[in-house]
Amino acid sequence: MQQQLKIKDREKVELYFSGRGLADKDLLSKSDPQCYIYLKQGQDGEEKLIGKTEVRDNNLNPDWKTSVVLDFIFEIHQFLKIVVMDHDGKKIEDDDIIGTLNTTVGSVMGSKNQIYIGQLTHNNKKTGRLIIKADKRKEIGDTNEMIFWQWHATKVKNMDGWFGVSDPFLRFLKWHQNSDWLLVHETEFIKNNENPIWKPFEIPHDKLHDENPQQPFKIELWDNQTNGKHQFIGAIEVTIEQIVFKEIHQFIVKTPKGEFGGNLGVKFIEKPTFIDYLKGGDQINLLIAIDFTGSNGDPSSSLSLHYNDPNNLNQYQNALKQVAEILLNYDYDKKVPVFGFGGIPSLPKFKKSSVDNCFPLNGNQSDPEVFGLDGIMNTYQTALNHIDLSGPTIFGPVIENALSIAKANIKKDIYSVLLIMTDGQIDDMNHCLQLIKKAYQLPLSIIIVGVGHANFKMMEQLDGDNEQHERDLVQFVPFVQHSQIPGDLAKELLAELPDQFLRYKQLIGKYPNPPKDIDLSKIQ
Numbered sequence: 001m002q003q004q005l006k007i008k009d010r011e012k013v014e015l016y017f018s019g020r021g022l023a024d025k026d027l028l029s030k031s032d033p034q035c036y037i038y039l040k041q042g043q044d045g046e047e048k049l050i051g052k053t054e055v056r057d058n059n060l061n062p063d064w065k066t067s068v069v070l071d072f073i074f075e076i077h078q079f080l081k082i083v084v085m086d087h088d089g090k091k092i093e094d095d096d097i098i099g100t101l102n103t104t105v106g107s108v109m110g111s112k113n114q115i116y117i118g119q120l121t122h123n124n125k126k127t128g129r130l131i132i133k134a135d136k137r138k139e140i141g142d143t144n145e146m147i148f149w150q151w152h153a154t155k156v157k158n159m160d161g162w163f164g165v166s167d168p169f170l171r172f173l174k175w176h177q178n179s180d181w182l183l184v185h186e187t188e189f190i191k192n193n194e195n196p197i198w199k200p201f202e203i204p205h206d207k208l209h210d211e212n213p214q215q216p217f218k219i220e221l222w223d224n225q226t227n228g229k230h231q232f233i234g235a236i237e238v239t240i241e242q243i244v245f246k247e248i249h250q251f252i253v254k255t256p257k258g259e260f261g262g263n264l265g266v267k268f269i270e271k272p273t274f275i276d277y278l279k280g281g282d283q284i285n286l287l288i289a290i291d292f293t294g295s296n297g298d299p300s301s302s303l304s305l306h307y308n309d310p311n312n313l314n315q316y317q318n319a320l321k322q323v324a325e326i327l328l329n330y331d332y333d334k335k336v337p338v339f340g341f342g343g344i345p346s347l348p349k350f351k352k353s354s355v356d357n358c359f360p361l362n363g364n365q366s367d368p369e370v371f372g373l374d375g376i377m378n379t380y381q382t383a384l385n386h387i388d389l390s391g392p393t394i395f396g397p398v399i400e401n402a403l404s405i406a407k408a409n410i411k412k413d414i415y416s417v418l419l420i421m422t423d424g425q426i427d428d429m430n431h432c433l434q435l436i437k438k439a440y441q442l443p444l445s446i447i448i449v450g451v452g453h454a455n456f457k458m459m460e461q462l463d464g465d466n467e468q469h470e471r472d473l474v475q476f477v478p479f480v481q482h483s484q485i486p487g488d489l490a491k492e493l494l495a496e497l498p499d500q501f502l503r504y505k506q507l508i509g510k511y512p513n514p515p516k517d518i519d520l521s522k523i524q
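This is how it looks when you write it as structure tokens:
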């Protein structure tokens, strides 16, 4: 099950503030603006003042140098309120309000180049713009027991003769008194390459030595063979003390006969975080699939899970709103493909005579995207009047569709999140498990909301938290267990998403794009 992150494990962000075209509150001079920054964690949180900037005298376009630092919590709404005051005296009661801006930390973090521009207002009048720039806060003095490094080699000995070049890989072994050398890590092999650069990887210190940095560990250089009878090239024995403290990063590998086998090298890397990828321009693309099988009940009935209550959101609407409000922050164009499954569509522009397990909810096969949260909610509500509920419950086509979209986005720095909302069991379980395996090395996560009170044991099998996979990419949450606290469903659904995203990037060896260096003082 998901382990709740401790506060110290949270990434911290630093927010900087600038104003442009601020309203002038003074008669004989210009305003002397100052920002007051308030934060509320979640819908039920208490709004607290977390910081205030310095005063900028006689300046309607200030760049404040005072920043605020806070924990970035991806899976909840972190509400920001910034009040810009015209400082007139020693008491805040003497100050005039220039304008107020309400936004969220997610909106700031998901903005392009992590620069958010919002409208200040006061008494329903526009009073200038506020610019918020986010930056990752580097904590000084943090201890990290993990090593994150990248190994490379040059002039690897050719073990394939006239038929090609070696396909080298590395094995890392720890000395173990009871079993001699113990294999603790193995890299991927790189085909036909005498100068390979292997993917970076993370390894804890205690996998290499027993709390003794002078304890040698072994690195073996091998040539991969398709028949599994890999050829040993050579090995070195080194210590963490040599690499870290004496900064020896180049080693010569000798073969068992004493011949030159190649040069090994290593460099240490600052492990990229979710914020680093956001700063580099990565986006999250939400995909939605909604269950229209007969077990949901007739939408015209107040007992239906799809009942359109004018005074309250049904479970589908509630889940849609909670998840989309957060994920849309990280999508520049705010366009979301929305699909239905398990029903017979009779939409104005899309009609079927039999059940369809992946149909565009807006009726447009060539463009199933809708814009923003309002587009999602309105499209769902309108479609209820044009779909006959049917069955069975088949997930395969919507997952296949998500796989196709994710493949198309591999080179676009777009990570897809498929939200499936369903009220019952899966009738194509084995097929779904096979499709999920295909998604391990694609930019895709699947989050499933169980609506109603059905038995969701099969959904928990799809989640598979207790099973070993290349990476975890499925999260299932039953709605009724998280319906009492506002925002709790989204918090539970999305808590694992940043780690799933990072694991995918690590698997494919993709580093964040370099962020653009933007000078706030030049933004007009």
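Under UniProt numbering, think of the first position of the sequence shown as 1, with each following residue one higher.
Heads up, the beta-carbon is just placed ideally off N, CA and C, and yes, glycines get one too.
Buried versus exposed, by CB contacts within 10 Å (16 or more), residue i
i	result
N430	exposed
I518	exposed
W162	exposed
K191	exposed
residue 594	Any question about residue 594 goes unanswered here, given that the chain covers just 1 to 524.
R129	buried
P256	exposed
R56	buried
S445	buried
D309	exposed
residue 543	With the chain running from 1 to 524 in the structure shown, residue 543 is simply not present.
D96	exposed
I508	exposed
N312	exposed
L70	buried
N-terminal and C-terminal residue of the alpha helix (DSSP H) that residue i is part of
i	result
T379	G372 to A383
A289	Segment Q283 to D291 is the beta strand (DSSP E) holding A289; no alpha helix (DSSP H) there.
V338	Not the alpha helix (DSSP H): V338 falls in the beta strand (DSSP E), residues K335 to F341.
S107	V105 to M109
P397	G396 to A408
R137	No alpha helix (DSSP H) holds R137; DSSP gives it neither H nor E.
I508	L497 to I508
Three-state class that DSSP yields for residue i in the structure shown
i	result
K6	Caution is warranted here: a pLDDT of 37 is assigned to K6, below 50, making its placement in the model unreliable, and no coordinate value can be reported.
M146	strand
Y307	coil
H205	helix
M429	helix
Y330	helix
F456	coil
R171	strand
Y36	strand
S295	helix
M1	Legend: pLDDT at M1 = 34, less than 50; position of this residue unreliable, value from coordinates given subsequently. Three-state result, M1: coil.
I240	helix
Q78	strand
L120	strand
L361	coil
H482	helix
Pairwise C-alpha distance: residue j and residue i
i	j	result
A420	K40	Ala is not the amino acid found at residue 420; the sequence shown has Ile there. Roughly 29 Å between the two C-alpha positions.
F292	V108	35 Å
I117	E14	16 Å
K407	Y440	12 Å
K155	K246	25 Å
V84	T100	6 Å
P213	S404	47 Å
I140	Y277	Because the pLDDT of I140 is 40, which lies under 50, any placement of that residue in the model is unreliable, and the question is left without a value.
H482	Y504	28 Å
E241	P62	50 Å
V449	D26	54 Å
Q225	W198	17 Å
Boundaries (first-last residue) of the beta strand (DSSP E) holding residue i
i	result
D388	I387 to L389
E14	E11 to R20
V323	Taken as a continuous stretch (DSSP letters only), V323 belongs to no beta strand (DSSP E), being part of the alpha helix (DSSP H) at Q315 to L327.
L274	A small correction: the amino acid at residue 274 is Phe; Leu does not occupy that position in the sequence shown. Note, F274: premise wrong, no beta strand (DSSP E); alpha helix (DSSP H) at F274 to K279.
Y415	I414 to T422
P478	V474 to P478
D71	V68 to F72
The ligand FAD heavy atom lying under 7 Å from the CB of residue i
i	result
F456	For the structure depicted, the ligand FAD is absent and the ligand set is empty, with no information on it obtainable.
At least 3 beta-carbon pairs within less than 8 Å: the stretch 217 to 233 vs the stretch 251 to 259: Judged by pairs of C-beta atoms under 8 Å, the stretch 217 to 233 touches the stretch 251 to 259, as three or more such pairs exist.
Touch test, the stretch 300 to 317 against the stretch 46 to 54, Cβ-Cβ under 8 Å, three pairs minimum: Flag = no, the stretch 300 to 317 and the stretch 46 to 54 do not touch.
Inter-stretch contact (C-beta, 8 Å, three-pair minimum) for the stretch 152 to 172 and the stretch 268 to 281: No, they do not touch.
The stretch 202 to 216 contacting the stretch 224 to 233, beta-carbon criterion three pairs below 8 Å: Because the criterion of three Cβ pairs below 8 Å is not met, the stretch 202 to 216 and the stretch 224 to 233 do not touch.
At least 3 beta-carbon pairs within less than 8 Å: the stretch 335 to 345 vs the stretch 380 to 394: Taking one beta carbon from each stretch, the stretch 335 to 345 and the stretch 380 to 394 have 3 or more pairs nearer than 8 Å; the two touch.
The stretch 432 to 439 touching the stretch 479 to 498, judged by at least three CB pairs closer than 8 Å: Three or more Cβ pairs closer than 8 Å define a contact, and the stretch 432 to 439 falls short of that threshold against the stretch 479 to 498.
Validate contact between the stretch 320 to 330 and the stretch 356 to 367 using beta carbons, cut 8 Å, 3 pairs: At 8 Å Cβ cutoff, the stretches do not touch.
Touching by the beta-carbon criterion (3+ pairs, under 8 Å), the stretch 280 to 299 and the stretch 328 to 339: A contact exists between the stretch 280 to 299 and the stretch 328 to 339.
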